[in-house]
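J.: One structure, as structure tokens, below. Some questions next.
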Amino acid sequence: GESVGLHLPTLSVQEGDNSIINCAYSNSASDYFIWYKQESGKGPQFIIDIRSNMDKRQGQRVTVLLNKTVKHLSLQIAATQPGDSAVYFCAEGAQKLVFGQGTRLTINP
Amino acid sequence: NAGVTQTPKFQVLKTGQSMTLQCAQDMNHNSMYWYRQDPGMGLRLIYYSASEGTTDKGEVPNGYNVSRLNKREFSLRLESAAPSQTSVYFCASSELQPSLGGTQYFGPGTRLLVL
Chain E
46 GESVGLHLPT LSVQEGDNSI INCAYSNSAS DYFIWYKQES GKGPQFIIDI
96 RSNMDKRQGQ RVTVLLNKTV KHLSLQIAAT QPGDSAVYFC AEGAQKLVFG
146 QGTRLTINP
Chain H
771 NAGVTQTPKF QVLKTGQSMT LQCAQDMNHN SMYWYRQDPG MGLRLIYYSA
821 SEGTTDKGEV PNGYNVSRLN KREFSLRLES AAPSQTSVYF CASSELQPSL
871 GGTQYFGPGT RLLVL
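Protein chains in written order, with this note's numbering: chain E, 46 to 154; chain H, 771 to 885.
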């Protein structure tokens, strides 16, 4: 069946450094991938998405990379700030989204 | 523009009781979704409604029913609550399905405890 997994459940970075959160997916037929940020006590918030016909997409301070050969997705956050502390989820799918377990990002001052 | 709203925010039930979780969106979205999130886990899809008048099962539909009341509202019903249904429930909506670039927007969640 479909599954989306994360390499690391937690990630701790220094404020100002770049963060890289990784995600593996198993469904090679997926054509849409998305990253969400979830702060404590809140619902997931859209960060950035990418279609399967692309390998890179940039937003404001965030970049998503897609490697379809190894079925790997990553989220890069530039100049990490305290407000970036949250759990980050990747999700993939077509008609329905399948979510990964999530990575908790903590920022050290 | 409130986005996606959910009621109630918190609920405590006894085993066997029933309740309905309400969700409404004011973005004129076609698709709506119900997820559950258990501690330390990602979201799992319970049911979804691709468009008004249709509903389909997701990954974990057992023990739940849904009603797409109209384009704005999508409710989730627990007929006989069980402790295993203790979770945080999120409703989401999107204009299009994911493969067409339909970003899902989430509500604030309902925290449900079944004793």
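Glycine included, each C-beta is placed from N, C-alpha and C at the ideal position.
1. Going by beta-carbon coordinates alone, are Arg106(E) and Ile93(E) separated by less than 8 Å?
2. Verify whether the separation of the beta carbon atoms of Gly138(E) and Tyr81(E) is less than 8 Å.
3. Could you check how far apart the C-beta atoms of Ser863(H) and Val774(H) are, in whole angstroms? I think they sit under 8 Å.
4. Step through the CB atoms of chain E and report whether any lies within less than 8 Å of the CB of Met811(H).
5. Using the Cα positions of Gly86(E) and Phe860(H), report the straight-line distance between them to the nearest angstrom.
6. I'd like to know whether the C-beta atoms of Ile108(E) and Ser64(E) end up nearer to each other than 8 Å.
7. Cα-Cα, which of Leu815(H), Gly872(H), Val858(H) is closest to Lys891(H)?
8. Taking CB distances under 8 Å as the criterion, tell me whether Gln140(E) reaches chain H.
9. Return the CA-CA distance between Tyr805(H) and Gln867(H), expressed in angstroms with no decimal places.
10. In whole angstroms, what separates the C-alpha of Asn832(H) from that of Asn153(E)?
11. When the Cα atoms are used, what is the spatial distance from Ala852(H) to Leu882(H)?
12. Do Pro54(E) and Thr148(E) have their C-beta atoms within less than 8 Å of each other?
13. Closest to Gln140(E) by C-alpha separation, out of Lys827(H), Lys841(H), Glu843(H), would be which residue?
14. Run down chain H in chain order and give the residues with a C-beta less than 7 Å from the C-beta of Gly145(E).
15. Note down, in chain order, every chain H residue with its Cβ under 8 Å from the Cβ of Lys101(E).
16. Less than 8 Å between the beta carbons of Ser150(E) and Ala136(E), yes or no?
17. Below 9 Å on C-beta distance, what does Thr873(H) contact in chain E?
T.: So, from the listed chains and residues:
1. Their beta carbons are not under 8 Å apart, which means Arg106(E) does not touch Ile93(E) by this criterion.
2. No, they are not a contact pair.
3. The pair is a contact, with the Cβ atoms about 6 Å apart (cut-off 8 Å).
4. Closer than 8 Å to some Cβ of chain E, the Cβ of Met811(H) qualifies, so yes.
5. In a straight line, the C-alpha of Gly86(E) is about 11 Å away from that of Phe860(H).
6. According to the sequence provided, residue 108(E) is Thr. The question's Ile does not apply to it. Contact: no.
7. One cannot answer for residue 891(H) here, as it falls past the ends of chain H, which runs 771 to 885.
8. Yes, contact with chain H.
9. Using only the alpha carbons, I get a separation of about 16 Å.
10. Cα-Cα distance, rounded: 42 Å.
11. Their backbone Cα atoms lie some 11 Å apart in a straight line.
12. It is a contact, given that the beta carbons lie within the stated cut-off.
13. When only C-alpha atoms are compared, the closest one is Lys827(H).
14. For Gly145(E), the C-beta contacts it makes with chain H under 7 Å involve Gly812, in order along the chain.
15. By Cβ distance, chain H contributes nothing, its closest Cβ being about 17 Å from Lys101(E), past 8 Å.
16. This sequence places Leu at residue 150(E); Ser is not what is there. Contact: no.
17. Chain order gives the chain E residues near Thr873(H) as Ile79, Phe91, Asp94, where near means a beta carbon separation below 9 Å.
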